[in-house]
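Here's the structure we're looking at; comments come further down.
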Amino acid sequence: MTFHVYLSGEIHTDWRDQIIDGADGLDMIFSAPNTDHAGSDDCGVRILGAEDNKFWHDHKGAQMNAIRTRKLIEEADIVVVRFGEKYRQWNAAFDAGYASALGKSLIILQQPEHDHALKEVDAAALAVARTPEQVVQILRYVQTGDLPG
Numbered sequence: 001m002t003f004h005v006y007l008s009g010e011i012h013t014d015w016r017d018q019i020i021d022g023a024d025g026l027d028m029i030f031s032a033p034n035t036d037h038a039g040s041d042d043c044g045v046r047i048l049g050a051e052d053n054k055f056w057h058d059h060k061g062a063q064m065n066a067i068r069t070r071k072l073i074e075e076a077d078i079v080v081v082r083f084g085e086k087y088r089q090w091n092a093a094f095d096a097g098y099a100s101a102l103g104k105s106l107i108i109l110q111q112p113e114h115d116h117a118l119k120e121v122d123a124a125a126l127a128v129a130r131t132p133e134q135v136v137q138i139l140r141y142v143q144t145g146d147l148p149g
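Per our numbering, the very first residue in the sequence shown carries number 1; after that it's consecutive.
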């Protein structure tokens with residue numbers, strides 16, 4: 001059985017690659033938001049025209065990105081949301097809430113220092129992992145029943 005896994009959240013490290021590489025051999029299709037930060041921020045004004053006000057600049061980009069994000073989360077069987085150390089990722093929290101509202105299996109990937117701030121998000125998740133390797137182990141177990149050696 002093929003699982004569709006959406007990898008949401010922090011875009012500044014290689015955690016997605018670690019999960020995709022670690023899941024080699026599993027029957028999984030991975031998807032993600034546009035991880036080109038500048039492209040994601042500027043897509044609305046590059047396609048629909050410039051905005052003088054930064055709010056409307058960001059608004060256009062957010063709306064265009066939402067077309068992709070909504071579709072991929074809706075199609076996903078499992079949604080993994082990564083909260084990184086450096087930035088506050090409100091969009092990641094929104095994706096987690098959207099996935100939860102749709103009844104998606106939700107895995108949160110975060111460091112212990114974010115436990116308190118993310119307690120409501122974590123309560124909606126089926127697992128809270130600390131490393132990409134743990135996410136891979138969860139995916140492997142869910143698909144095959146195999147436990148780590």
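Glycine residues also receive a C-beta, built at the ideal position from the N, C-alpha and C atoms.
Run of the beta strand (DSSP E) containing residue i, from where it starts to where it stops
{"i": "I78", "result": "I78 to R82"}
Delimiting residues of the alpha helix (DSSP H) encompassing residue i
{"i": "A96", "result": "W90 to A101"}
{"i": "G145", "result": "Note, G145: premise wrong, no alpha helix (DSSP H); not H, not E."}
{"i": "I20", "result": "W15 to G22"}
Residues bridged to residue i (per DSSP)
{"i": "V5", "result": "F30 and I78"}
{"i": "S40", "result": "Bridge partners of S40: none, in fact."}
{"i": "L106", "result": "V79"}
Option in the options with minimal Cα separation from residue i
{"i": "D14", "options": "G84, E120, L72 and G49", "result": "G84"}
{"i": "T69", "options": "Q134, G9, I47 and I138", "result": "G9"}
{"i": "G44", "options": "S31, F30 and A66", "result": "A66"}
{"i": "S31", "options": "N91, A123, K71 and L147", "result": "K71"}
{"i": "E133", "options": "D17, I11 and H4", "result": "D17"}
{"i": "V121", "options": "R140, V135, F94 and L147", "result": "F94"}
{"i": "D24", "options": "G149, G145 and V136", "result": "V136"}
{"i": "H4", "options": "Q143, E51 and E75", "result": "E75"}
{"i": "M28", "options": "R140, A38 and Q89", "result": "R140"}
Cβ distance (whole Å) where residue i is taken to contact residue j below 8 Å
{"i": "L26", "j": "V80", "result": "The Cβ separation is near 14 Å, so there is no contact."}
{"i": "A99", "j": "L106", "result": "5 Å"}
{"i": "A129", "j": "I138", "result": "7 Å"}
{"i": "L102", "j": "I78", "result": "Not confirmed; about 12 Å, so no contact."}
{"i": "R82", "j": "A96", "result": "With a Cβ gap of about 10 Å, R82 and A96 do not count as contacting."}
{"i": "G22", "j": "D42", "result": "About 32 Å; that fails the 8 Å criterion."}
Which runs of the beta strand (DSSP E) at least 3 residues long sit entirely within the segment 110-137? Give them in chain order. 127-129
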